[in-house]
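Student: Protein chains in written order, with the working numbering: chain R, 122 to 655; chain H, 657 to 1323.
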């Protein structure tokens, strides 16, 4: 023992250098941009904050988001030339899959930064913390997308989640926001524990947390007894299902979405979900590929449950934010159908769906936020009462008259705000999967991937659930476009600010452009392959 | 320059988009000018592509320009790409050219309409769809354009939808076309099944992969589709009613361009027609002939000037079908072009007359208008001579080609078609004489011609009878029955309306030079179209002398038609009711019979189906709906809002997952 120690010390003599891992700085640019940007923003505002306008933080975050998107395009091209690599001792993978998710998260950060600008002004929540947390949380998401090691993945998950817990509770004067943050935190910590224990079990079974090692080890079939490994699967899945809000791990979603600040909800529904799916695809479809037969049935059942329960619950909601929360659960179920296929086409379809849904979710929640602001202005006296109420489906009915997101507020919206209503119509139709929107091709790609993987019944059920959930969006559309009978007073909804309008216009343009011409985006997703380089 | 083909379709799309955003703000006349400019730019682009193609060798005159991959999924890969070849560019040239003129005309015609900018939005969208239809390099994109023009046609027929008749005419066109579209759609599926591709060049590269039976099935279904869009038997009934739309729309969509789409489609897939069984083409030719005859006889007895022109259009489209059926593709395209010129001219001329006569469309209230509307009268007269087949006007040359093709195929076909040509000369002469010559039957002079009035009343009575069978006719009857009096003397239309008339009149006069029959070297159109026709053009199997005799016979026939009309309508040697038979006025009762069947036994059958739909299908759907609702309400009770119950859900889920995996594990 002493001898061995002596040998080690002998190696670290002044003449020989410690072998540090090579660092591919270029590949780390997106990470550095987001994390560094967050820290820098915090510093700037601590030091010279009083001389800066509140818009500065928003534009700064917007620029960081765009830069992240731009750097992922550069990386994408580099990978095309040099192939996928890994860096930091193989801890971080640099492949087109992670770069795709990185770009997606960057774009979402940029859009959410614009949305937050108006939200903060309207709600008088002065401070830059929202932007800082947004950037840090996005860093965690990007880490999750590129993690080549279960420990790194867990780190990313925590960096992402802890920031989002605080973001959910960001609205200090609203008890619903506090409640949302609290619920999310308690349940998130609970499920993180499952995840961590799963990592431990897999380490126990395989002897490594490195995904490439695990993949080779399982491929070789050198595992005699797989009890530990399969137990690890179960617990990892619990953590991931919680993040993507799959039934029965979904219960937090409607409460948290309803209570959290709307820009944060837009971020949660798009970027957080994308990061969760990235982890699921990277770990299960790529690393645990040779154990497909064991985990696919679980995804199959969970996908079914998630699609149908999400859709059914959405239909009976009267609060639009809650309705969209349940509909996002239903969408997650749809993406799980692509995961279940566990083929390259399935991964591509899931990525297409994630990109399409990210745009739809950001746009939809932006509109919901605008309408809610208008509604709050028009019955400012009543809102105070509803704030004290706790959120749950069972109590949602009691305060519906005063809820700023109640479906009744959308009645006759098309007459007062035709352009906004038309934009919302496009986004809702896209969610329903109507042709010439991205939603159609996303669903089409998922279903055809499932059919190619011979999961015919799942494909059929996915189609049925698409029909059922179409009802959710039609209900909202009908409310918007049928004339308002009772409420004759003009809605006091102001003209959307330029920033909010830009966000909605961009998301609608994305939804229509890639709905009419899905080719480009589809080619990108087809090339975004996962590569586990050791 | 042939790479610019995408510009042709882009221009009207830009016009459409700009008008959609700011059309109302631009207002009259700027919105219309913008639309006209867009179409004119598209015409310029077509000319550039045409020049580019001319610079290439004959065999290389087929350039594909891919914009982007549209449906990239699996086996079915469809690109949005344009095919610039002689056939498509010929179509694009006359579509954009005629469209530009009609846009210009509409500036005057739609003056003061409250939906002025909306009209041009639709018009530009129509031109865009039509160009997509002809420029596409695959069946699916063609179908998209096909549906696009259908929608525009529906929107424009019922443009003045305040009037119930216009709205229902639009619906009738839409529904009838659906029958044809169904055929087209199934043909697309069959083609994909047989060839594994929808791209024209790939399909035509090797047509031997399909049996003649499959090819026959595809072609028959395409004929059904073409019959819907090009208003042939058994689906022609929508076109006469479609005249409810504004006159420029009738000229552009229901005479010059959209209705020729069926003919274009059949010419486009000529390699498939070549593989199909012979009897399929015979059916095509006889459908065309029957339509040509029925519509020509119906045109004889119409009082509404636009109805005469509508039946005339159907009849002329029948000529083109015959041409395709006998393999004279060049003749079909040739007649399509000349017809576009002279029929657009006639429609625009009729619009000018209607405009001058305070929206009166009944020819028995016209008469002697030549001296009031000199420009309209002269240009309309040129259109008349062109369609009647009087040399040297363009219609003579193209119709002669079709007759020669028919003679080559079947003598009986030729004889009957010649009769239809004679009827054409007769009914058009009748329309011209009733409108521009004779004594005036309007305004203060109306009372003088009591004979004419009684005749009109008789006729209106017949019309009322028809209308009891068919609601759609009500408006026309109302139009005809209402005794309008023109307070002031009719005046000539504004220059924006007359200019297109003059240009079209020139074109209708000289378009014959496109393909003169004298020597081989003057067959310009035939040589130009050759690369698109893959040597499928039928070769005439008779000597040049026969051709001259046939031409002479055709000239005699058209002069005979005009001479008979002179006897009846100018010299009045016999009462006109000898030729204006009731059965003609009702178009052989075809439309009524369909309406009666559809409204009687058909309706009862559909009621039964609707009942089944309500009880059966809707029951299932509603059942699923309420099941989902119940399920949702049931699930709601778990959404308590309490963190501990949510955590319990997660824990239970974890336990189930663990249990499942452990059950599969080996320890």
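All C-beta atoms, glycine included, are put in the ideal place defined by N, C-alpha and C.
(1) Helix, strand or coil for residue 202 of chain R? Go by DSSP, reduced to three states.
(2) 9 Å is my cut-off, CB to CB: does residue 1017 of chain H come that close to chain R?
(3) I'd like to know whether the C-beta of residue 654 of chain R is nearer than 9 Å to at least one C-beta of chain H.
(4) When the Cα atoms are used, what is the spatial distance from residue 745 of chain H to residue 947 of chain H?
(5) Please name the residue in H/1224, H/1188, H/706 whose C-alpha comes closest to that of residue 1086 of chain H.
(6) State the start and end residues of the unbroken alpha helix (DSSP H) segment that holds residue 1240 of chain H.
(7) What residue ranges within the stretch 699–747 of chain H form continuous beta strand (DSSP E) runs of no fewer than 3 residues, ordered along the chain?
(8) Based on DSSP bridge pairs, tell me the residues matched to residue 459 of chain R.
(9) Does the stretch 172–185 of chain R come close enough to the stretch 244–255 of chain R that 3 or more CB-CB pairs lie under 8 Å?
(10) Taking Cβ-Cβ distances shorter than 8 Å, what residues in chain R pair up with residue 759 of chain H?
(11) Pull up the DSSP beta-bridge partners for residue 660 of chain R, would you.
(12) What first and last residue would you give for the alpha helix (DSSP H) that runs through residue 324 of chain R?
(13) Give me the residue from R/193, R/564, R/527, R/600 with the minimum Cα distance to residue 584 of chain R.
(14) Does chain R have any CB closer than 9 Å to the CB of residue 739 of chain H?
(15) Have a look at residue 1155 of chain H and residue 761 of chain H and give me their C-alpha separation to the nearest angstrom.
(16) Can a CB atom of chain H be found closer than 9 Å to the CB of residue 509 of chain R?
(17) Please state the DSSP three-state secondary structure of residue 527 of chain R.
(18) Check the DSSP bridge columns for residue 331 of chain R and list the partner residues they point to.
(19) Provide the residue(s) that pair with residue 337 of chain R in DSSP beta bridges, ordered along the chain.
(20) According to DSSP, residue 440 of chain R sits in a beta bridge with which residue or residues?
(21) For chain R, find out if any of its Cβ atoms is closer than 9 Å to the Cβ of residue 1021 of chain H; answer yes or no.
(22) Using 8 Å as the Cβ pair cut-off and three pairs as the minimum, do the stretch 1169–1182 of chain H and the stretch 1006–1024 of chain H touch?
(23) If you drop the 5 nearest sequence neighbours on each side, which residues of the same chain put their C-beta closer than 6 Å to that of residue 271 of chain R?
(24) If we call anything under 9 Å between Cβ atoms a contact, is residue 1042 of chain H one with residue 754 of chain H?
(25) Using DSSP with H/G/I as helix, E/B as strand and the rest coil, what is residue 143 of chain R?
(26) Distance cutoff 9 Å, beta carbons only. Does residue 441 of chain R sit that close to anything in chain H?
(27) Return helix, strand or coil for residue 1056 of chain H, following the three-state DSSP convention.
(28) Residues bridged to residue 792 of chain H by DSSP?
(29) What's the call for residue 216 of chain R, buried or exposed, on a 16-neighbour Cβ count within 10 Å?
(30) With the cut-off set at 9 Å, would you say residue 196 of chain R and residue 624 of chain R are in Cβ contact?
(31) Along chain R, which residues have their Cβ under 9 Å away from the Cβ of residue 655 of chain H?
(32) Whole-angstrom Cβ separation of residue 822 of chain H and residue 809 of chain H, contact assumed at under 8 Å?
(33) Give me the DSSP bridge partner(s) of residue 769 of chain H.
(34) Work out the CA separation of residue 224 of chain R and residue 566 of chain R for me, nearest whole Å.
(35) From residue 261 of chain R to residue 280 of chain R, what does the alpha carbon distance come to, in whole angstroms?
(36) How many Å lie between residue 1031 of chain H and residue 847 of chain H at the Cα?
Tutor: According to the structure shown:
(1) helix
(2) no
(3) Chain H contact via Cβ: absent.
(4) 28 Å
(5) Nearest of H/1224, H/1188, H/706 to residue 1086 of chain H, Cα basis: H/1224.
(6) 1238–1241
(7) 719–727, 734–740
(8) Partner(s): none; residue 459 of chain R has no beta bridge.
(9) yes
(10) Under the 8 Å cutoff, chain R gives no residues; its nearest Cβ is about 26 Å from residue 759 of chain H.
(11) Since the first residue of chain R shown is 122 and the last is 655, residue 660 of chain R is not available in this structure.
(12) 296–327
(13) Taking only the C-alpha atoms, the option nearest residue 584 of chain R is R/564.
(14) no
(15) The alpha-carbon of residue 1155 of chain H is positioned some 8 Å away from that of residue 761 of chain H.
(16) Note that residue 509 of chain R scores 41 on pLDDT, short of 50, meaning its location in the model is unreliable; the coordinates nonetheless yield the value given after this. No, no contact with chain H.
(17) strand
(18) R/270
(19) Answer is none; residue 337 of chain R lacks a bridge partner.
(20) R/527
(21) no
(22) No: the two stretches stay apart, fewer than three of their Cβ pairs being nearer than 8 Å.
(23) 320, 330
(24) no
(25) In the structure shown, residue 143 of chain R sits in coil (DSSP, three-state: anything other than H, G, I, E or B).
(26) With 9 Å as the cut-off, residue 441 of chain R does not count as an interface residue toward chain H.
(27) Helix, per DSSP.
(28) Answer is H/738, bridged to residue 792 of chain H.
(29) buried
(30) No, the pair does not count as a contact, with Cβ atoms beyond the cut-off.
(31) Outside the shown range of chain H, which is 657 to 1323, sits residue 655 of chain H, and nothing can be said about it.
(32) With 8 Å as the limit, residue 822 of chain H and residue 809 of chain H do not qualify as a contact, their Cβ atoms being about 13 Å apart.
(33) DSSP lists no partner for residue 769 of chain H.
(34) 21 Å
(35) 5 Å
(36) 50 Å
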